[in-house]
Amino acid sequence: MKKFLVTNKCGNARIGALGTLHGEIKTPFFMPVATKGSVKLLSNEEVESTSTQCLISNAFILSLRPGLETIKMHGGLHGFMNWERGLFTDSGGFQVLSPNFCEKLSDKGVLFKNPFDGKKSLFTPAESTRIQNVLGSDVAMCLDDVPQANSTPERLKESVERTTLWAKECLRAHQNKKQLLFGICQGGVNEKLRGKSAREINGIGFDGVAIGGLSIGESKDKMFEAVEIALKEIPENTPRYLMGVGSAQELVRAVALGVDIFDSCFPTRTARHEMAFSMEKNINIESLKYRNDTTPIDRDCKCFVCRTHSRSYIHHLVKTKEENGLKYLSYHNLFFTQNLMERIRLEIKEGSFSEKKFTE
Ligand SMILES: [Zn+2]
C-alpha cells in the first residue's frame, strides 16, 4: 500500500488517503486531541460516531503516567485505549519545554523535572522516538524545539537549527517500521526561517511534514503567510499537517492552501467553555436568551444532540452544572467539525470546493 496518495485536486485543495496499519485515513482530516488517551467528556463510541477517523495522543505525558510498562501490557496504545482507528502521537515537545517541566534546554535534549516524583531526566530526540515506537501509534512525530510566542529572531534561529538536528536523530532512532514518522518545521512567522526549516525537514525524508509552532497568538494573516511559505517547500506527494488548528474558518482556509491533516483541542475546549459551533455564528449557550429557545443548537446539524434536544434544554443543563450539558456540547462541536471535513472532501471530489462558499 502506498503511504499517501492524492486522488483529486480542486485549486490547491486536495483529497487523498493516508495508508496506516489501522486502515486508510481519508484526507483532509481533523484529529481530536486525546492527550492522556481519552477525548475529554466523550467515550470512544461517541467519538467514532462523529466520523472521527484518527486521534492524537501525547507520548511524553503518557510516558509519565501511566508509564510505558502499563501500556505495553495492552500491546500498545491502541490496545490500552481500545481504539481501533488511526492514532498519531505527538512527541510532547511543546509540553516538556513549558516552564512546568523544563529545567534546561540544550542540543542534547530537555532536562525536565517529573512532577510526580520530582526526579530530573533528560528527554532526548532518541528517547522520544523510543517511547513512540513502544506506544505503537500509526504516526509518530519528531521531537522539535518549539519556541514560545513572540520569540526573538535569535531564539527562532536556534529553534530551527536544533529542530533539524533533532529530526535527524529521531529518524536514526526510529525502529518501528510499521509506524510512519513525520518531521516538524519551525520558524515562527519569520519568512526566511520558516522556509529554511520546511526545506531542511522535507529534505531529511520523512513520511510527512508538519508545520508546527503556529496558532500561538500571532495574527491569522501572519499565520497563513507562514503556512504558505512552508507549503512551497513540501512536495505534492507528501502529507502536510498543520498543528494546533481547529476552527471551521481556519480549517477551510488551510485546506484551500493544500493542507491535509489537522489537530486541535478547539472543538472540545470551546464546548467546555459553553460555546456551541453553528454555521451562522457560534453561540454561548449559557446566555439567558436561550432559556426558552426551543430550536436545536444548529438547525442543519444531524448530531444526536441537535436531533433530540433544544437550546433551552442544553442551557438548563449548563446552568445547573449537570455534566451532560458540557458533554453534549463537546459531542455537537466535534460532530460539527467532522461534518465540515466530510463536506470539504466531497466538494473537492466534485470540484466545487471554494473557501468563499464556507465563509460567506
Ligand atoms: Zn449538533
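Residue numbers (the numbering used here): 81 to 440.
We put the beta carbon where it would ideally sit given N, CA and C, even for glycine.
Computed from a prediction, not measured in an experiment: that's the story for all the values here.
Assigned secondary structure, residue i (DSSP; H/G/I helix, E/B strand, else coil)
i	result
D301	helix
N138	strand
V113	strand
A328	helix
S217	coil
L177	coil
E183	strand
M359	coil
L121	coil
C386	helix
N419	helix
N413	helix
K312	helix
A229	coil
R425	helix
L223	coil
I394	helix
S131	coil
E164	coil
S143	helix
S208	helix
R333	helix
N- and C-terminal bounds of the alpha helix (DSSP H) containing residue i
i	result
E402	That residue, E402, is in no alpha helix (DSSP H); it is neither H nor E in DSSP.
G96	Where G96 is concerned, there is no enclosing alpha helix (DSSP H), although the beta strand (DSSP E) it sits in stretches over A93 to T100.
I151	L148 to M153
V240	P233 to A253
L273	E271 to I284
T348	F346 to R352
T439	E435 to T439
Residue span of the beta strand (DSSP E) that contains residue i, given as start and end
i	result
T87	F84 to C90
M161	Run containing M161: none in the beta strand (DSSP E); it sits in the alpha helix (DSSP H), L157 to M161.
F262	L260 to C265
Chain-order list of residues whose beta-carbon lies under 7 Å from that of residue i (same chain, five-residue window excluded)
i	result
F160	G117, I151 and H154
T350	N413
G156	L215 and G216
M359	D378 and D380
S143	I211
V240	Q266, G267, L273, K276 and S277
P233	N270
E313	G275, A278, R279 and N282
Same chain only: Cβ atoms within 6 Å of residue i, ignoring 5 sequence neighbours per side
i	result
E124	Looking at the sequence itself, residue 124 is Asn, so the reference to Glu does not match. Once the five neighbours on either side are set aside, the close Cβ partners of N124 are W163.
F84	L98 and P319
N180	none
D340	T107, P108, P319 and R320
K407	L121
L202	G189 and L191
F433	C90, A93 and E427
A328	L420
T130	L414, F415 and Q418
Chain-order list of residues whose beta-carbon lies under 8 Å from that of residue i (same chain, five-residue window excluded)
i	result
E305	V269 and E271
N372	S392
T375	S390 and R391
G326	F110, F342, D343, S344, C345, F346, P347 and T417
Sheet register partners of residue i (DSSP bridge)
i	result
E104	G99
K193	K200
T321	Per the sequence shown, the amino acid found at residue 321 is Tyr instead of Thr. Looking at the DSSP assignment, Y321 forms a beta bridge with A290 and I341.
D170	N138
V372	The identity of residue 372 in the sequence shown is Asn, whereas the question assumes Val. Its beta-bridge partners do not exist; DSSP assigns none.
N364	M355
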